[in-house]
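To keep things clear, I will list the structure first and then write my remarks on it.
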């Protein structure tokens, strides 16, 4: 949904690295939230395992819920980085 319109919340599950949710029109992508010593960061990869760029948080967020919310916002805005995000 490149227009940034509202989309349903992602279905988050815990994994060995933090939290993960499938995303993208066909569920081919991954949104991840990873814990660090100074907070939580998110990353959205619409085509895992390829050279396509990913979009990530520009900084760590204090709460897990905030990081998940911003990852969901990024999925809705794909492929344009949301405010504060950066493309890698």
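In my numbering, the protein residues as written are 314 to 401. Even glycine gets a Cβ: it sits at the ideal position worked out from N, Cα and C.
Measuring CA to CA, which of the options is closest to residue i?
i	options	result
residue 328	378, 387, 372 and 345	345
residue 367	343, 349 and 332	343
residue 360	382, 376 and 388	388
residue 394	378, 371, 382 and 377	371
residue 340	350, 349, 321 and 377	321
If we ignore side chains and look at the alpha-carbon of each, how far apart do residue i and residue j end up?
i	j	result
residue 356	residue 384	7 Å
residue 314	residue 392	Confidence at residue 314 is low in this model, with a pLDDT of 43, below 50, so the placement of that residue should be treated as unreliable; the coordinate-derived value is given next. Distance between the alpha carbons of residue 314 and residue 392: 9 Å.
On the premise that residue j lies in contact with residue i, defined as a C-beta separation below 8 Å, what is that separation, rounded to the nearest angstrom?
i	j	result
residue 398	residue 369	7 Å
Whose C-beta lies closer than 6 Å to the C-beta of residue i among residues of the same chain, with five residues either side of it excluded?
i	result
residue 380	346, 353, 355 and 374
residue 332	325 and 346
Taking the DSSP output, what are the residues bridged to residue i?
i	result
residue 372	DSSP lists no partner for residue 372.
residue 367	In DSSP, residue 367 forms no bridge with anything.
Got a sec: does the ligand ZN put a non-hydrogen atom nearer than 6 Å to the Cβ of residue i?
i	result
residue 362	Ligands are entirely absent from the displayed structure, and the ligand ZN is therefore not among its contents.
Apart from the five residues on each side of it in sequence, which residues of its chain come closer than 7 Å, Cβ to Cβ, to residue i?
i	result
residue 358	342, 343 and 367
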